[in-house]
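> Taken in order, these protein sequences are the chains called B and P. Quick note on numbering: the first sequence equals residues 12 to 429 in this note's numbering. Quick note on numbering: the second sequence equals residues 15 to 170 in this note's numbering. Quick one: this structure, given as structure tokens, is what I'll be asking you about.
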Amino acid sequence: MSQENLIPLLPVWDQPDTSRIPFWAYTSKDIHKQELEKLFYKGHWCYVGLEAEIPETGDFKRTVVGERSVIMVRDAQGGINVVENVCGHRGMQFCREKHGTVKSFVCPYHQWNYDLEGNLQGVPFRRGVKQDGAVKGGMPKDFNPKEHGLTQLQVARRGGVVFASFDADVEPFEDFIGPEMLAYFDRMFNGRKLKVLGYNNQRIPGNWKLMMENIKDPYHPGLLHTWFVTFGLWRADNRSELKMDRHHRHAAMISTKGEGGKNAQTTNISSFKESMQLNDPRFLDVEMEPWWNGPTAVMMTLFPSVILQQQVNSVSTRHIQPNGHGSFDFVWTHFGYEDDTPEMTERRLCQANLFGPAGFVSADDGEVIEFSQQGFEQKPFHRTLAELGGRDIEDTDHMVSETLIRGMYKYWRKVMGV
Amino acid sequence: MNMEIYLQLTEFNQEYAAAVDAADWDRWLEMFTDDCTYRVQSRENFDRNLPMAALSLSSKGMLKDRIYGITETIFHDPYRQNHVISAPRITSISTGLIEAQANYAVFRTKNDGIAEVFNVGRYLDRIRQTPDGLRIESRTCVFDNDMILNSLIYPI
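See the structure below:
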């Protein structure tokens with residue numbers, strides 16, 4: 012390969028289809044900026060949090076949409092507003108607490124004051140000061156506070172989950188999710204109040220799309236996550252399905268743990284140990300819940316911002332928060348339901364040891380994403396391969412396919428125009 | 015202050031640091047009682063009284079399972095730890111039980127890297143006095159970092 016080809020200047024999709032993905036999709040700063048614009052700020056609903064995080068009037072949570080700091084807040088009418096954390100005056104990111112309760116938002120710099128919907132209420136010295144009988148200074152007569160409120164995002168709430176969009180023309184949330192995925196969404200968020208158990212935050216030095224792909228890739232769990240296999244939670248012949256919305260952007264990996272015998276073909280890894288038993292079986296003290304309606308694990312990717320996890324009794328949202336092309340923060344919110352018994356809460360917490368930055372089966376995901384990014388950075392003219400299960404994009408009734416990744420990139424190419 | 019207990023606890027914490035820095039997991043395990051709890055929890059969860067923790071092990075069996083995970087199943091970049099543990103601050107002593115805290119800093123060094131600050135926080139301890147010496151009945155590592163730097167494999 013000649014020297015001028017080594018660093019591609021123009022992002023040209025020089026592959027026949029999306030079964031091969033150019034490394035520049037993960038390494039280009041320009042592509043990343045366009046992604047923020049086209050995927051996070053326009054045309055998409057992004058996850059911001061759970062209603063249960065802000066139960067009372069004035070409760071707020073600071074979070075992000077893409078790389079823009081926003082605040083999700085409960086107003087006096089019980090509504091939920093999402094406003095951008097940038098003061099209308101001098102542009103300061105005024106909200107520094109991650110959560111709290113306020114009567115209004117005040118930017119400390121010049122005490123500009125906003126109500127819980129983000130409307131500008133008060134501007135000190137707007138009408139100047141009186142000195143020697145004359146009014147001096149102040150805002151111009153045509154200053155209109157209505158024009159200087161905080162940027163207000165569109166808000167969608169469903170089943171206790173809150174999404175927001177900077178795009179006033181974004182399609183309705185239910186259309187965005189699509190009927191295929193909505194059924195799985197409603198399965199997990201079926202109207203019961205949620206109970207927040209807490210957070211896990213990790214900074215992963217890799218492109219944010221790699222995390223979407225990780226949860227669209229059923230090839231790796233039985234191979235990378237040796238723990239899964241060792242203790243019988245994962246088998247390649249588990250009854251399973253891969254499903255997408257009609258745009259192929261969102262997906263669900265649905266599987267039901269079977270009880271069949273173990274054999275080399277279904278495990279297919281050398282470190283598998285037939286005789287391993289947990290010293291403390293509580294890690295896998297699974298109790299079937301009625302709302303599952305069968306599947307023991309449903310992993311959903313709602314493009315571009317969130318992963319919804321049900322792995323047996325452990326349920327969480329995983330929020331993807333990019334910071335630059337080569338890094339993202341991954342924020343896990345573990346929760347339970349209002350009617351959980353104390354034993355079920357304990358069970359969810361205990362099984363949470365499998366997940367998160369220290370998890371038996373999740374710590375390795377962050378690691379492989381970091382090293383994938385390293386591979387991309389050294390060889391930006393190359394491409395990844397996602398040909399398992401063929402080169403087409405279709406729902407499947409098995410796990411031996413990378414169809415969801417191919418689907419995501421088909422959609423990605425369309426929106427990005429590459 | 016009970017100087018003897020203070021010195022014992024100081025030495026115990028230094029032994030703990032030596033065990034985890036040496037990745038001597040058998041030695042680490044033996045520093046706990048059978049019905050121990052060991053948790054690594056963010057300050058965010060701790061301060062807000064949320065029960066979630068990055069690691070929450072509530073028996074010696076779970077500690078053994080964790081050791082199996084870190085030595086046999088979890089894939090990760092190899093790294094070494096270096097613990098600096100402050101002098102303990104004993105908050106109460108009752109029959110056979112010491113409650114104490116200590117600040118810690120853990121530096122992580124990867125094969126191709128230089129040492130970096132990996133995790134900084136505070137041990138909140140309940141230490142049992144046994145005929146075999148001090149044993150940890152409960153240790154919660156409350157860490158200040160908002161973000162764990164990718165993954166946390168070894169105990170801290």
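The beta carbon of each residue, even a glycine, is placed where N, CA and C say it ideally should be.
Please identify the residue among H345(B), F71(B), V411(B) and R203(B) whose C-alpha is closest to the C-alpha of W302(B).
The shortest Cα separation from W302(B) among H345(B), F71(B), V411(B) and R203(B) belongs to R203(B).
> Just to confirm the assignment, what range does the alpha helix (DSSP H) spanning I318(B) have?
Segment V317 to Q322 is the beta strand (DSSP E) holding I318(B); no alpha helix (DSSP H) there.
> Could you list which residues in chain P have their beta carbon closer than 8 Å to that of I215(B), in chain order?
Those within 8 Å of I215(B) in chain P are N164.
> So P65(P) contacts chain B; which residues on that side make the cut at Cβ distance below 7 Å?
Per Cβ cutoff of 7 Å: L208, G209 and L360.
> Using a Cβ cut-off of 8 Å (strictly closer), state whether S73(P) contacts chain B.
Cβ-Cβ to chain B under 8 Å: yes for S73(P).
> Please check if any C-beta of chain P sits within less than 8 Å of the C-beta of P368(B).
Output row for P368(B): interface = yes.
> Quick check: what's the CA-CA separation for V181(B) versus Y422(B)?
If you take the alpha carbons of V181(B) and Y422(B), they lie about 17 Å apart.
> Identify the contact partners of L235(B) in chain P, using a Cβ-Cβ distance below 7 Å as the criterion.
F89, listed in chain order.
> What residues in its chain sit with their C-beta under 7 Å from that of F239(B), if we drop five residues either side in the sequence?
The answer, listed in chain order, is P232, G233, W245 and V372.
> Figure out for me which residue from D406(B), D197(B) and F314(B) has the closest Cα to the Cα of G54(B).
Among D406(B), D197(B) and F314(B), the Cα nearest to that of G54(B) belongs to F314(B).
> Compute the distance between the beta-carbons of E78(B) and L47(B), then report whether it is under 8 Å.
Yes, Cβ-Cβ distance for E78(B) and L47(B) is below 8 Å.
> Starting from the C-beta of H159(B), find all residues in its chain whose C-beta is less than 6 Å away, skip the five residues before and the five after it, and write them out in chain order.
Cβ neighbours of H159(B) beyond the five flanking positions: G99 and L131.
> Can you look up T278(B) in the DSSP assignment and give me helix, strand or coil?
Annotation note: pLDDT 46 at T278(B) (below 50); position unreliable, coordinate value reported separately. Here T278(B) sits in helix by DSSP.
> Fully enclosed by the stretch 131-177 of chain B, which alpha helix (DSSP H) runs are 4 residues long or longer?
Taking only runs of at least 4 residues, no alpha helix (DSSP H) segment lies wholly in the stretch 131-177 of chain B.
> Write down the C-beta distance between L399(B) and S412(B) rounded to the nearest angstrom, noting that I regard them as a contact closer than 8 Å.
Indeed, because the Cβ distance is near 6 Å, the residues count as touching under 8 Å.
> Applying the criterion that 16 or more other CB atoms from any shown protein chain within 10 Å of the CB defines a buried residue, is V172(B) buried or exposed?
That one is buried.
> If I follow the unbroken alpha helix (DSSP H) through C106(B), where does it start and stop?
From DSSP, C106(B) is part of no alpha helix (DSSP H); its letter is neither H nor E.
> Could you pull the DSSP bridge partners for W123(B) from this structure?
Answer is C118(B), bridged to W123(B).
> Just to confirm before moving on: does the CB-CB distance between P102(P) and A114(P) stay below 8 Å?
Cβ distance < 8 Å, so P102(P) and A114(P) count as in contact.
> Pick from K425(B), H43(B) and D403(B): whose alpha carbon is nearest that of L219(B)?
Here residue 219(B) turns out to be Trp, not Leu, going by the sequence shown. Looking at the Cα atoms, H43(B) is the closest of the given residues.
> Could you name the residues of the same chain whose beta carbon sits closer than 7 Å to that of Q276(B), not counting the 5 residues immediately before and after it, in chain order?
Note that Q276(B) has pLDDT 46, beneath the 50 cutoff, so the model's placement of it is unreliable and no number is given.
> Of the residues V113(B), I416(B) and L208(B), which one's Cα is nearest the Cα of F346(B)?
Nearest option by C-alpha distance: L208(B).
> Return no unless some Cβ of chain B is closer than 8 Å to the Cβ of D160(P).
Yes, D160(P) counts as interfacial toward chain B.
> Can you tell which of Q163(B), T38(B) and D143(B) has its C-alpha closest to the C-alpha of S80(B)?
When only C-alpha atoms are compared, the closest one is Q163(B).
> Mapping DSSP to helix, strand and coil, what is W245(B)?
It is coil, neither helix nor strand.
> Does any residue of chain P have a CB that is nearer than 8 Å to the CB of E78(B)?
Chain P contact via Cβ: absent.
> Look at the alpha carbon of R168(B) and the alpha carbon of A194(B), and state the distance between them as a whole number of angstroms.
Rounded to whole angstroms, R168(B) to A194(B) spans 16 Å at the Cα level.
> Step through the CB atoms of chain P and report whether any lies within less than 8 Å of the CB of F339(B).
Cβ-Cβ to chain P under 8 Å: no for F339(B).
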